[in-house]
Each structure stands twice: as structure tokens, then as C-alpha cells.
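What follows is a short report on a single structure.
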């Protein structure tokens, strides 16, 4: 894998290494608060579409 340069935008196509550099570059451009907000939004979408069921606290009866 070639060296990562945070100042240059990596290619959006090419090898697996190019994709990995792009993933790391995009990740590092976001703040922790932005990453958390994205994760919460993705979980809400997953719950709304039924792709994921919310976790239940221990001892809570389930509706299954």
C-alpha cells in the first residue's frame, strides 16, 4: 500500500488500496460528533425499515 497523504484527495476508482485510502481519507475528514450523528441516523433508518430490531433491556418482554 502506498503512503497516505491527508492533503490530497485519493482516487475514487482503481485498486482495493485506492478504495481503502479513500475510505480512510473520508473518515478522517469528519469529527467524532459527525460520525456519531451518522451512526444514529443509520440505526434509525434500519429500525424504521425493519432491517434491524432495537435491543431490549434485560428483563423486558419482547413482542415476538
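In the working numbering, the protein residues as written are 30 to 93.
Ideal Cβ positions, reconstructed from N, Cα and C, are used throughout, including at glycine.
- Linking residue 63 to residue 49 through their CA atoms gives a straight-line distance of about 20 Å.
- The C-beta of residue 39 has 16 or more other C-beta atoms within 10 Å across all chains shown, which makes the residue buried.
- DSSP places residue 60 in no alpha helix (DSSP H); its state is neither H nor E.
- Judged by beta-carbon spacing, residue 81 lies within the 8 Å limit of residue 75, meaning their Cβ atoms are closer than that value.
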